[in-house]
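Chemist: The structure's right below; bear with me while I get my questions together.
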Amino acid sequence: MKRTRSRRAGGFMLLEVVVAVAMLSGVLVGLIVGLSRCVAAAQSVQNYATAQRLLANKSYEFRVEQSEDTLDQEGTFGEESRYSWSRRLEATEEEGLWKQTITVAWYERGQLKEDAVVEYRYLPNKQP
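For what it's worth, my numbering labels the leading residue of the sequence shown as 1498, then goes sequentially.
What follows is the structure, given as structure tokens:
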């Protein structure tokens, strides 16, 4: 007696395989995109954390120096560093009180990013 095999008993149809591969490909692409965004976000957070640390260090330097210099200044954090800093002093309405803005800047994915801290310094002997 001869047995006849049904079409479904032989395995998957080509269309089913193509649909399954397409679905898996879509999921895989989504995972890769999500992972790359997570890596970019982590790098951005690391850059901002570094900028905060550099701002704190530079602010401390100006306080310890007790520099009475009211000129604007700028520089880098070493030859190899991709971070730069600037300090701007502005006179306020109160005599001897100066507004000090320290900014750290860097490039991230081709865009200039900045983080700044504003402090007030009392320099009684300096005039605007």
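Ideal Cβ positions, reconstructed from N, Cα and C, are used throughout, including at glycine.
All values derive from a computational prediction rather than experimental measurement.
Would you check if there are 3 or more beta carbon pairs closer than 8 angstroms linking the stretch 1520-1535 to the stretch 1581-1588?
Modeler: no
Chemist: Count the other CB atoms within 10 Å of the CB of Ala1548; is the residue buried (16 or more) or exposed (fewer)?
Modeler: buried
Chemist: Looking at Arg1579 and Gln1597, is the spacing between their C-beta atoms short of 7 angstroms?
Modeler: At the C-beta level, Gln1597 and Arg1579 stay beyond 7 angstroms of one another.
Chemist: What are the boundary residues of the alpha helix (DSSP H) that includes Thr1547?
Modeler: 1511-1562
Chemist: Given a threshold of 16 other Cβ atoms within 10 Å of its Cβ, counted over all protein chains shown, does Leu1551 qualify as buried or as exposed?
Modeler: buried
Chemist: To the nearest angstrom, report how far apart Glu1577 and Val1515 are at their CA atoms.
Modeler: Taking the straight line joining both Cα atoms gives about 51 angstroms.
Chemist: Is it buried or exposed, Ile1599, if we count other Cβ atoms within 10 angstroms and call 16 or more buried?
Modeler: buried
Chemist: Can you tell me whether Val1542 is buried or exposed, with buried defined as 16 or more other CB within 10 angstroms of its CB?
Modeler: exposed
Chemist: Do Ala1553 and Ser1581 have their C-beta atoms closer together than 7 angstroms?
Modeler: no
Chemist: Between Lys1610 and the rest of its own chain, which residues show a CB-CB distance below 6 angstroms, the 5 nearest in sequence each way excluded?
Modeler: Trp1603
Chemist: Specify, as a first and last residue, the run of the beta strand (DSSP E) that Ser1583 falls within.
Modeler: 1581-1588
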